Amino acid sequence: MMDLLNTKAIKTTHGFELYVDLIKNINIKELSIPTVTNPFYEVKFEIDYLLLEEHKYYDHQQNYFWIVMDENLSSITLKESEMQSLFAVKNEEEREATQRLLGEWFIKTNAYREVINQYLNELEEHYMKEEENQYTKKAITFLKELLEIKTMDWS
462 MMDLLNTKAI
472 KTTHGFELYV
482 DLIKNINIKE
492 LSIPTVTNPF
502 YEVKFEIDYL
512 LLEEHKYYDH
522 QQNYFWIVMD
532 ENLSSITLKE
542 SEMQSLFAVK
552 NEEEREATQR
562 LLGEWFIKTN
572 AYREVINQYL
582 NELEEHYMKE
592 EENQYTKKAI
602 TFLKELLEIK
612 TMDWS
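Counting in the numbering used here, the sequence shown runs from 462 upward without gaps.
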């Protein structure tokens with residue numbers, strides 16, 4: 462059953478986007494750590510939501526966005542995915558509303574925390590098997606930092 466108290470909506474020109482705090486609506490699709498060619502930590506989230514359109518009941522949508530942090534884990538940025546961006550086909554006001562939703566609500570949801578904790582547990586289990594794996598150590602540090610984010614100041 463949907464918990465409508467933990468649902469947020471954004472009005473767009475295409476209809477109302479409804480975001481529900483359910484674990485099945487969020488997935489981590491990719492995770493990367495800093496390299497010589499890309500000096501950032503990055504995690505790609507897949508978000509499922511409902512689009513309520515006029516003259517339709519609803520349409521299930523699935524889009525993506527990245528959370529990016531610098532090597533020092535001191536600055537955070539939202540980045541659009543190349544395909545199926547959560548920000549695509551939105552005007553500037555709708556894009557800002559989506560950013561606020563992610564910064565003020567999404568990072569506080571149970572689903573966000575649970576997905577990160579699940580991924581973290583998988584990495585920690587893997588890390589126990591291969592103690593000197595630098596990728597895993599850095600990825601764990603990054604995920605733990607994502608759990609500590611209080612207020613988003615997206616740049």
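Glycine residues also receive a C-beta, built at the ideal position from the N, C-alpha and C atoms.
Since the structure is predicted, the reported quantities are computational estimates derived from the model, not experimental observations.
Straight-line measurement puts the Cα of P500 at about 13 Å from the Cα of K599. A470 is bridged by DSSP to L479.
Collapsing the DSSP output to three states places Y502 in a strand. Excluding its 5 nearest sequence neighbours in each direction, M530 has C-beta neighbours in its own chain below 6 Å: Y502 and I537, listed in chain order.
Taking T473 as the centre and dropping the five residues before and after it, the same chain places the C-beta of K551 and E555 closer than 7 Å to its C-beta, in chain order.
Under the 10 Å beta carbon count, V497 is surrounded by fewer than 16 other beta carbons and is classified as exposed.
Taken through DSSP and simplified to helix, strand or coil, E541 comes out as strand. Here D520 is exposed: its Cβ has fewer than 16 other Cβ atoms, across all protein chains shown, within 10 Å.
Taking each of S535, N594 and Y510 in turn and checking the Cα distance to A572, the smallest one comes out for Y510. Partner residues in the beta bridge of I487, as assigned by DSSP, are I508. For H521, the pairing in a beta bridge is given by DSSP as L511. Assigned with DSSP and collapsed to three states, V576 falls in helix. Counting the other Cβ atoms within 10 Å of the Cβ of E565 gives fewer than 16, which makes it exposed.
Membership of F603 in the alpha helix (DSSP H) is indicated by the continuous run Q595 to E609. In the DSSP secondary-structure assignment, V529 is bridged to E503 and T538. The three-state reading of DSSP puts L547 in coil, since its state is none of H, G, I, E or B.
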